[in-house]
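In the UniProt record's numbering, the protein residues as written are 1 to 194. Reviewing the structure listed below.
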């Protein structure tokens with residue numbers, strides 16, 4: 001084959017798999033490697049706080065068996081691991097501190113090695129009003145969560161920046177964001193009618 005000048009989304013998925021392995025080998029990653037056992041660990045009401053149990057071992061198993069199509073998909077499950085920990089454990093606990101640190105480490109590596117729009121499996125990104133009305137999910141790093149929003153305006157700014165105005169579904173908050181971004185998942189097709 002010819003030389004590829006840009007990395008494919010498969011390369012990005014594999015980079016994400018590498019980052020996952022690094023995080024899992026961290027001495028403080030222990031509690032996140034296997035499913036939380038609320039009974040054995042004495043964690044009352046864990047199931048009432050956490051509705052999507054997730055652990056890094058499960059993510060790695062899914063990755064190695066071809067369960068993820070894109071780097072974005074893998075990252076979403078990793079973010080769920082941190083989110084579950086941070087909503088249940090108190091800020092003063094060791095596990096909370098470990099989740100915060102490992103999450104930052106994962107995110108820093110991800111942003112260095114995974115590029116948009118390949119993170120979500122897109123080969124290229126065409127700018128403009130074509131995205132008006134599109135649904136997006138935006139990653140808020142401090143919350144370890146994704147929030148849905150709708151694009152309602154587009155502006156090309158100096159320096160080749162392409163800015164998109166979004167309105168969040170949950171609270172109507174608005175902001176301008178740059179696309180493409182690894183912190184934004186763009187819904188490509190309209191959802192099927194109910």
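Heads up, the beta-carbon is just placed ideally off N, CA and C, and yes, glycines get one too. Just so you know, these numbers come straight off a predicted model, no measurement behind them.
In the three-state scheme derived from DSSP, where H, G and I count as helix and E and B as strand, residue 96 is classed as helix. The beta carbons of residue 138 and residue 183 sit about 6 Å from each other, so the pair counts as a contact at 8 Å. Counting of Cβ neighbours within 10 angstroms places residue 185 among the buried residues, the total reaching 16 or more.
Residue burial is scored here from C-beta neighbours: residue 117 has at least 16 other C-beta atoms within 10 angstroms and is therefore classed as buried. Distance between residue 27 and residue 165, taken at the CA atoms: about 42 Å. DSSP places residue 9 inside the alpha helix (DSSP H), whose first and last residues are 9-24. Remark: C-beta atoms of residue 86 and residue 99 approach each other more closely than 7 Å. Counting along the chain, the unbroken beta strand (DSSP E) around residue 176 starts and ends at 174-178. The Cβ neighbour count for residue 140, taken over all protein chains shown within 10 Å, is under 16; the residue is labelled exposed. Residue pairing from DSSP leaves residue 131 without any beta-bridge partner. Looking at 33, 135, 51, 174, the one whose alpha-carbon comes closest to that of residue 102 is 33. The closest CA to that of residue 12, considering only 172, 68, 50, is found on 68. For residue 82, the number of other beta carbons within 10 angstroms of its own is at least 16, and it is reported as buried. In the displayed model, residue 83 falls within a helix according to three-state DSSP.
By alpha-carbon distance to residue 142, the top candidate from 128, 104, 170, 155 is 104. The alpha-carbon of residue 47 is positioned some 36 Å away from that of residue 133. Residue 128 and residue 40 have their C-alpha atoms some 53 Å from each other. By the Cβ neighbour-count rule, residue 106 is buried, with 16 or more other Cβ atoms within 10 Å of its own.
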